[in-house]
Amino acid sequence: MLAAALFDLDGTLVDTEPRSQAAWRRLFRAHGVGLDESLLASFAGRPGKTVLVENLRLFPDGSTVDGLFAEAMSYATDVAEPMPGAVELVRALHEIDCPIGVVTSGTRDYAHAELNALGVRALFDTVITAEDVSRGKPDPEGYLLGCARLGVEPARTVVFEDAPAGITAAKAAGTFCVAIGADGSAADLVVADLTEVRVPFSLEFDGIL
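Numbered per the working numbering, the sequence shown spans residues 4 to 212.
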């Protein structure tokens, strides 16, 4: 039986992708940097600072990763909406005393603010953020740390993810991965959204859906 659940944040619990893409587009435009779709897609599910390090050469001399990241975050001011079924699933798991956590590539302040906006921060037993790991997704470090903090082996943990980098991280950690509305070729199960997931669930597909 699956005994714990870990959630990605952006695109899984919160519909932040439109807001995030708009912020990155605005950052690149502000510095006169061309932005193609493949570069924009490289931010999905990965720490923003990591992607900026890889592309710092595109920005004017003197630009810093910390400065660019702070500028991008200042553009992401809209309040994001919860993903369909997200709040309901979190509350259902909490009600049956299932250990639950978040593993995100975002910062701690950002993650807590988003979860507070959803009204579910207090329901999570742990929140793993970019400050807690040395290697972000697709590395499994975050999900392994999440399992350790929940006190459950990865093989008994279900991960809900929407991005390829996160799915790769979840599977590398040895968890059971459910992909939401994404290219879930590497996942154990793909659902359109979290309204399709029912509680309690088991490792059998018909126990989740």
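Even glycine gets a Cβ: it sits at the ideal position worked out from N, Cα and C. These numbers were taken from a predicted model, which means no experiment stands behind them.
Look at the Cβ atom of residue i, then the Cβ atom of residue j, and state whether they are nearer than 7 Å.
| i | j | result |
| --- | --- | --- |
| alanine 158 | glycine 145 | no |
| arginine 152 | serine 108 | no |
| arginine 29 | tyrosine 78 | yes |
| alanine 89 | valine 202 | no |
| valine 93 | leucine 61 | no |
| proline 143 | alanine 114 | no |
| proline 85 | leucine 121 | yes |
So, at 6 Å on beta carbons, what are the nonlocal neighbours of residue i in its own chain, with the 5 sequence-adjacent residues on each side left out?
| i | result |
| --- | --- |
| aspartate 13 | Thr19 |
| phenylalanine 10 | Leu16, Val105 and Phe163 |
| alanine 6 | Val155 and Arg159 |
| isoleucine 170 | Glu164, Cys180, Ala182, Ala189 and Ala190 |
| alanine 175 | Pro143 |
From this set, the options, which residue's C-alpha is nearest residue i's C-alpha?
| i | options | result |
| --- | --- | --- |
| serine 188 | Thr132, Ala8 and Pro167 | Pro167 |
| threonine 53 | Phe72, Gly37 and Pro203 | Phe72 |
| valine 194 | Glu98, Ala173, Asn58 and Pro87 | Pro87 |
| alanine 116 | Ser66, Ala33, Ala83 and Arg201 | Ala83 |
| leucine 42 | His34, Gly35, Glu57 and Glu91 | Glu57 |
| aspartate 112 | Cys101, Val130 and Pro21 | Val130 |
| histidine 34 | Ala44, Ser45, Thr67 and Glu40 | Thr67 |
| valine 36 | Leu59, Ser45, Gln24 and Ser23 | Leu59 |
What residue range is occupied by the uninterrupted beta strand (DSSP E) comprising residue i?
| i | result |
| --- | --- |
| phenylalanine 10 | 7-10 |
| valine 130 | 129-131 |
| valine 105 | 103-106 |
| threonine 160 | 160-164 |
For the alpha helix (DSSP H) holding residue i, just list the boundary residues, first then last.
| i | result |
| --- | --- |
| alanine 182 | No alpha helix (DSSP H) contains alanine 182, which is instead part of the beta strand (DSSP E) from 179-183. |
| leucine 192 | Taken as a continuous stretch (DSSP letters only), leucine 192 belongs to no alpha helix (DSSP H), being part of the beta strand (DSSP E) at 192-194. |
| methionine 76 | 68-78 |
For residue i, does the count of other Cβ atoms within 10 angstroms reach 16, so buried, or fall short, so exposed?
| i | result |
| --- | --- |
| alanine 8 | buried |
| isoleucine 99 | exposed |
| serine 137 | exposed |
| proline 63 | exposed |
| alanine 47 | buried |
| alanine 75 | buried |
| leucine 55 | buried |
| leucine 147 | buried |
I'd like the list of long-range same chain contacts for residue i, defined as Cβ closer than 7 Å, with 5 residues on each side in sequence excluded.
| i | result |
| --- | --- |
| alanine 133 | Pro50, Ser108, Gly109, Thr110 and Gly139 |
| cysteine 101 | Ala7 and Ala8 |
| glycine 184 | Asp165, Ala195 and Asp196 |
| glycine 149 | Leu9, Gly104, Val106, Thr129 and Ile131 |
So, for residue i: in the same chain, excluding its five sequence neighbours on each side, which residues have a beta-carbon less than 8 Å away from its beta-carbon?
| i | result |
| --- | --- |
| proline 21 | none |
| alanine 26 | Ala75, Met76, Tyr78 and Ala79 |
How about residue i: is its Cβ closer than 6 Å to a heavy atom in the ligand FAD?
| i | result |
| --- | --- |
| valine 193 | The ligand FAD is not among the ligands present in this structure, which contains no ligands whatsoever. |
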